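Top to bottom, those sequences are chains H and Z.
Counting from 1, one number per residue, gives the positions in the first sequence under our numbering.
Counting from 298, one number per residue, gives the positions in the second sequence under our numbering.
The next block holds one structure in the form of structure tokens; read it before the comments.
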Amino acid sequence: MRSLSAVPMRVAQSLRWFAHIWRSLRRSRQGTIGLMIVIVHMFIAVASPYIVPYAHHDIDGKNRLAAPSAEHPFGTDSFGRDLFTRVLLGGRAAIGVALLAAAIAVLWGGLLGILLAFIGGRVDEVLMRLVDALLAIPGLLVVLLIVVALGTGFSVLILTLGYAYGVTTVRVARGAALGYVASDFITAARARGERKTNIVLRELIPNLLDVLLVEYVMRASWALTAISSLSYLGFGIAPPTPDWGRMVFENQVMLAISPWGTLFPVFALASLIIGINLAGDALSKAIGLDRSQEAPT
Amino acid sequence: MSQKLLEVEGLTTGFRTQAGQVLQVLRNVSLEMQRGETLGLVGESGCGKTTFGMTLLGHLRPGGQVMAGSVRFEGVDLFGLGPDELAKIRGQRVAVIPQSASSALTPTMRVGEQIAEVLTLHLGLAGAELQERVLELLTRVHLPQVVELVRRFPHELSGGQLQRVAIAMGLAGKPELLVLDEPTTGLDVTTQAHILDLLREIQESTGTAMLYISHDMGAIARVCDRLAVMYAGEIVEDGAIDDVFADPVHPYTRGLLGSVPRLSYAGLPQAMAGRPPAPGEDAVGCAFVPRCAFADETCKTIDPALEATSRAGAIPHLVQCHHWQRVLASGASGQMRDLKARMEQDAEAEPLLELTEVDITYAKRGLAALVARWRNEPEPPTTVSGFTITIHRGETLALVGESGSGKSTIARTIAGLLPPRAGQIDFGGQDLASAVEGRPAEMHRKIQIIFQNPDASLNPRHTVKQILDAPLRLYFEMDGKGRLDRSGALLEEVRLTPRYLERHPGQMSGGEKQRVAVARAFAAEPDLVLCDEVTSALDVSVQAAVLELLAGLQANRGAAYLFISHDLAVVRAIADRVAVLYQGRICEVGPVAEIYAPPYHPYTETLLAAVPEPAPGARAQLLAKDVPEAEPPTRGCCFQRRCPRRIGSICDDEAPPSQFVAEGHIIRCHIPLADLGESQVDLISPAEIATQGAVVDGK
Ligand SMILES: Nc1ncnc2c1ncn2[C@@H]1O[C@H](COP(=O)(O)OP(=O)(O)OP(=O)(O)O)[C@@H](O)[C@H]1O
Ligand code: SF4
Ligand code: SF4
Ligand SMILES: [Mg+2]
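Below is the structure:
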């Protein structure tokens with residue numbers, strides 16, 4: 001039975017862990033910039049329905065392919081829909097899918113990778129061969145095939161991407177866990193007669209949280225790129241839901257006449273992906289710097 | 298040319314913290330070195346030894362800065378030089394040999410190429426001359442078969458050979474000053490003795506000056522003429538090595554020397570209380586005040602200065618203490634106490650753990666073994682063979698031997714982590730399952746392990762509370778409150794306070810971490826604790842404290858220890874019985890007093906002779922070559938290839954008989970006991986050496 005006092009301790013610990021991550025991100029300039037970009041995007045994704053001036057399907061018949069103006073800060077597309085509204089709303093679906101897909105990827109991939117490292121032996125050998133074989137096929141291709149076969153839809157997208165990127169995570173998590181399975185504290189736990197689940201949950205996983213977090217951030221950035229590409233190709237987020245990738249496809253034919261419909265979604269997507277990558281890089285660098293080197297609190 | 302090679306004047310260095318504070322590491326260090334002088338530098342971990350050694354190469358760690366003073370090498374201020382000029386001095390005129398040779402060598406490059414690279418860089422050699430010089434250097438450090446050796450990769454060499462290669466690289470540029478930072482830490486006694494011998498010989502033939510940094514006083518005694526003691530970034534005593542060892546005048550030097558276990562004395566060394574201040578914990582007055590028995594008001598307010606003592610000699614004797622005269626007058630130093638309640642040799646003592654004819658091998662099993670056989674891979678030799686021993690309740694059995702002799706393998710097998718290939722293991726009269734998973738929980742509780750390196754054996758992500766909780770949760774039905782109380786009590790028992798409960802291992806010193814590991818083992822209330830090199834990663838002062846702790850806990854709790862160590866002096870201080878292991882075979886086993894007195898098994902004798910004692914005049918002897926052996930011989934005596942007293946083909950062909958010397962003392966050797974009794978090795982106490990001026994020298 002778990003005693004009650006353990007719960008606040010756990011909470012305090014995770015808070016400390018987040019504070020630690022936050023500090024290490026803030027320590028690098030790039031990390032701080034990346035984090036700021038991501039925060040702005042997340043804020044927009046959450047708040048945009050309440051702040052946009054129009055509905056995304058509202059058509060202003062008089063103003064088609066208009067340049068930015070006070071009325072339409074980003075201009076309008078060929079139907080006369082407000083681009084500002086559509087760009088602000090256009091990340092929501094993709095970001096949501098990417099975050100969930102990355103969560104699924106890290107959950108199953110991370111767990112499997114850690115378990116394989118811990119179990120070792122033949123199971124590990126055979127499954128890793130399989131993972132290597134799967135990794136040889138480009139992820140986007142797999143996703144495209146599945147989506148074409150099963151049809152688009154949020155759940156298909158999320159599960160497919162979650163599966164495809166989880167395969168990469170298996171490899172990463174296993175590699176990171178291998179560094180710990182032979183260490184003395186795991187041997188000590190085994191010698192103590194600790195149950196295997198306990199060794200994995202209590203001894204191994206706390207040491208891998210950092211790696212899994214970086215992995216999550218990186219997979220989310222990949223998934224975002226993948227969804228936008230899929231949407232661009234017409235297999236991702238289906239209209240009428242506004243989406244950056246789809247917007248680029250719809251508006252690129254007008255590029256010469258009115259570049260705004262292409263430029264703004266591209267800028268939005270690119271800035272988010274750059275932001276995530278900056279933050280992710282700073283994070284992984286910070287992990288090289290171990291928490292044990294921080295001054296006693 | 299001036300005789301002075303190096304002048305350090307008022308050197309103060311520091312580093313900037315994240316908060317922007319500048320913390321001092323070295324404080325006002327002044328020191329001179331003459332040409333060809335060998336200076337030892339001792340002090341506890343974190344006192345600034347490495348920092349100081351690196352300044353002699355004009356090097357500072359990232360974030361480090363010189364705040365005052367200068368380091369002049371042949372009159373040139375190193376910190377006033379540009380990077381190009383500095384590069385000319387570094388590696389060529391001043392070279393460094395680091396602690397871990399493997400870190401100095403590139404793993405993917407052949408040994409010969411690496412030395413050649415240094416030669417080309419510093420001396421611009423090329424072609425045949427270069428090759429010749431490479432071979433010459435390797436021969437110089439007494440490496441065998443150099444022509445073949447140059448083509449090997451670092452991982453194909455043993456630890457001792459690697460260190461020799463590192464020394465050869467250090468010598469490549471014909472330096473005038475060699476900085477050696479813990480060059481033998483982590484090596485076997487015998488290997489260490491050979492390296493020390495080599496260093497001494499190089500010094501004598503080339504006249505290279507050496508700064509030898511170590512916390513091993515014995516090693517320093519072997520190589521150096523002069524000794525400097527560093528505490529909290531200051532030199533507190535400096536003088537001829539014989540003077541300092543015979544009668545140190547600084548209380549810290551006395552404490553340090555007193556912490557060293559002596560081969561010649563069967564007692565626990567005296568642990569020094571407290572720890573050195575960390576950078577930033579500066580105080581007015583003498584930094585040693587909190588740990589000093591002689592401290593008074595003057596010490597707390599006035600910084601003592603380095604002054605000359607009355608002792609006359611070629612090397613001036615300096616000390617930084619207000620009351621050195623009082624210290625000197627207070628009498629002999631380095632008192633040892635026999636704190637350990639030694640087990641009576643009692644035939645009635647109840648056996649706790651019995652291993653009978655145990656063979657252990659790292660050979661593959663199951664399918665992998667079939668594959669290996671199919672591929673015609675040779676079967677790996679048995680790491681441990683015919684191992685039979687009994688550990689009684691409450692006693693300490695020490696297992697000694699060089700690295701690779703199978704000591705840890707045996708501990709792993711007893712813990713159930715590595716099933717034996719053959720043999721019987723009984724615990725408390727019952728058969729013990731070979732795999733830890735097959736043992737009842739009660740058995741897990743009764744057998745505990747403490748590892749060598751607490752950094753690896755404590756989960757860095759756990760707090761001390763969580764670490765101590767693990768055994769309590771597993772073995773005892775306790776609620777959260779009960780566990781908290783018990784953890785607190787355990788910490789008190791290992792002389793920490795409950796304040797440590799919330800700390801992570803990264804926030805503690807090495808000694809504190811090892812105490813937590815000890816507390817974790819004792820939380821289980823074990824009957825047997827397997828101690829695998831538990832003090833070898835620690836400072837002498839911390840080691841003394843941990844040894845005292847282990848002895849005290851044993852007296853209170855009555856647990857038995859299997860104490861694995863390669864340090865024969867430590868073993869003498871703590872063990873009741875000793876088993877000497879060579880290549881996984883027991884050569885000699887017996888009560889501690891018997892082992893450390895003739896007759897010796899030739900291997901025991903080799904080990905004992907190789908130990909450098911921290912005493913003036915004490916000289917280690919090299920009885921056997923330090924060639925590591927990959928595989929034990931298939932027939933005859935396991936020590937036949939290196940034995941200095943081999944008597945002939947009988948040693949190669951017939952397994953040596955067990956000769957019973959006394960109650961419980963067995964020697965396995967073909968040489969009759971009467972002849973074994975005539976040993977050249979004599980363990981005399983340091984006091985005797987000091988008064989009689991006796992010199993034990995193998996040469
Ligand atoms: N640039 C730096 N940044 C942070 N800490 C530093 C720096 N330089 C030195 N220190 C600190 O200064 C102290 C002295 O370090 P140093 O490595 O010289 O000790 P040492 O005597 O060689 O110890 P050991 O015996 O463990 O090798 C340590 O507490 C170390 O952490
Ligand atoms: S100056 Fe005082 S405190 Fe410092 S070592 Fe000497 S007696 Fe001890
Ligand atoms: S049996 Fe022979 S080789 Fe072995 S230790 Fe005795 S003398 Fe040496
Ligand atoms: Mg050091």
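All residues carry an ideal CB built from backbone N, CA and C; glycine is no exception.
Since the structure is predicted, the reported quantities are computational estimates derived from the model, not experimental observations.
Spatial neighbours of residue i within its chain, please: C-beta separation below 7 Å, excluding the five flanking residues on both sides.
{"i": "SER806 of chain Z", "result": "ARG572"}
{"i": "LEU755 of chain Z", "result": "ILE764, PRO802, LYS810, VAL813 and ALA814"}
{"i": "GLY582 of chain Z", "result": "CYS596, LYS597, THR598, ILE599 and ASP600"}
{"i": "ARG324 of chain Z", "result": "THR309, GLY530 and GLU531"}
{"i": "GLU203 of chain H", "result": "PHE185, ILE186 and ALA189"}
{"i": "SER682 of chain Z", "result": "ASP656, GLY881 and ARG882"}
Count the other CB atoms, across all protein chains shown, that sit within 10 Å of the CB of residue i; report buried if there are 16 or more and exposed otherwise.
{"i": "ALA136 of chain H", "result": "exposed"}
{"i": "ASP77 of chain H", "result": "buried"}
{"i": "GLU734 of chain Z", "result": "exposed"}
{"i": "PRO954 of chain Z", "result": "exposed"}
{"i": "ILE39 of chain H", "result": "exposed"}
{"i": "ALA164 of chain H", "result": "buried"}
{"i": "TYR659 of chain Z", "result": "exposed"}
{"i": "ASP290 of chain H", "result": "Because the pLDDT at ASP290 of chain H is just 39, under 50, the model does not fix this residue reliably, and the point stays unresolved."}
{"i": "TRP671 of chain Z", "result": "exposed"}
{"i": "GLU739 of chain Z", "result": "exposed"}
{"i": "PRO49 of chain H", "result": "exposed"}
{"i": "GLY409 of chain Z", "result": "buried"}
What residue does the beta strand (DSSP E) around residue i start on, and which one ends it?
{"i": "SER955 of chain Z", "result": "955-959"}
{"i": "ASN325 of chain Z", "result": "319-331"}
{"i": "GLY683 of chain Z", "result": "681-689"}
{"i": "MET507 of chain Z", "result": "506-510"}
{"i": "ALA392 of chain Z", "result": "391-394"}
{"i": "SER367 of chain Z", "result": "361-370"}
{"i": "PHE312 of chain Z", "result": "301-313"}
Find the nearest neighbour of residue i within the set the options, judged by alpha-carbon distance.
{"i": "ARG942 of chain Z", "options": "Z:GLU902, Z:ALA423, Z:LEU474 and Z:LYS743", "result": "Z:GLU902"}
{"i": "GLY130 of chain H", "options": "H:GLY113, H:LEU230 and H:LEU144", "result": "Rather than Gly, the amino acid found at residue 130 of chain H in this sequence is Leu. Measuring from the Cα of LEU130 of chain H, the nearest candidate turns out to be H:GLY113."}
{"i": "SER700 of chain Z", "options": "Z:GLY881, Z:ASP752 and Z:ALA820", "result": "Z:GLY881"}
{"i": "ARG174 of chain H", "options": "H:ILE227, H:PHE154, H:ASN207 and H:ASN198", "result": "H:ASN207"}
{"i": "GLN500 of chain Z", "options": "Z:THR693, Z:SER784, Z:ARG437 and Z:GLN442", "result": "Z:ARG437"}
{"i": "GLU429 of chain Z", "options": "Z:VAL444, Z:PRO717, Z:LEU468 and Z:MET775", "result": "Z:VAL444"}
{"i": "THR335 of chain Z", "options": "Z:PHE450, Z:ILE612 and Z:ASP776", "result": "Z:ILE612"}
{"i": "GLN321 of chain Z", "options": "Z:ALA712, Z:PHE312 and Z:LEU328", "result": "Z:PHE312"}
{"i": "LEU496 of chain Z", "options": "Z:GLN622, Z:ASP593, Z:THR347 and Z:ILE517", "result": "Z:ILE517"}
{"i": "LYS285 of chain H", "options": "H:ARG26, H:ILE51 and H:SER14", "result": "H:ARG26"}
{"i": "ILE538 of chain Z", "options": "Z:HIS356, Z:PHE591, Z:ALA848 and Z:LEU338", "result": "Z:LEU338"}
{"i": "TYR180 of chain H", "options": "H:VAL126, H:MET128 and H:LEU116", "result": "H:LEU116"}
{"i": "LEU714 of chain Z", "options": "Z:GLN727, Z:SER607 and Z:LEU827", "result": "Z:LEU827"}
{"i": "PRO545 of chain Z", "options": "Z:MET364, Z:VAL624, Z:ILE686 and Z:MET569", "result": "Z:VAL624"}
What are the residues that DSSP puts in a beta bridge with residue i?
{"i": "TYR858 of chain Z", "result": "Z:THR693 and Z:VAL826"}
{"i": "LEU650 of chain Z", "result": "Z:ILE688 and Z:PHE724"}
{"i": "HIS962 of chain Z", "result": "Z:ALA959"}
{"i": "LYS704 of chain Z", "result": "Answer is none; LYS704 of chain Z lacks a bridge partner."}
{"i": "MET740 of chain Z", "result": "DSSP, once it has assigned bridges, lists no residue as partnering MET740 of chain Z."}
{"i": "GLU534 of chain Z", "result": "Z:VAL526 and Z:VAL616"}
Within the continuous alpha helix (DSSP H) that includes residue i, where are the two ends?
{"i": "ARG780 of chain Z", "result": "777-790"}
{"i": "THR169 of chain H", "result": "154-181"}
{"i": "THR50 of chain H", "result": "Reading off the sequence, residue 50 of chain H comes out as Tyr, not Thr. Looking at the DSSP string, the run of the alpha helix (DSSP H) that includes TYR50 of chain H is 29-51."}
{"i": "VAL875 of chain Z", "result": "Segment 874-879 is the beta strand (DSSP E) holding VAL875 of chain Z; no alpha helix (DSSP H) there."}
{"i": "MET466 of chain Z", "result": "456-468"}
{"i": "ARG122 of chain H", "result": "121-136"}
Quick one: is the Cβ of residue i within less than 7 Å of any heavy atom of ligand 5?
{"i": "TYR897 of chain Z", "result": "Absence of ligand 5 from the depicted structure is noted, with ligand 1, ligand 2, ligand 3 and ligand 4 being the only ligands included."}
For residue i, which residues of its own chain have a beta-carbon under 8 Å away from its beta-carbon, when the five flanking residues on both sides are left out?
{"i": "GLY855 of chain Z", "result": "ARG690 and GLY691"}
{"i": "CYS589 of chain Z", "result": "PRO548, TYR549, CYS583 and CYS596"}
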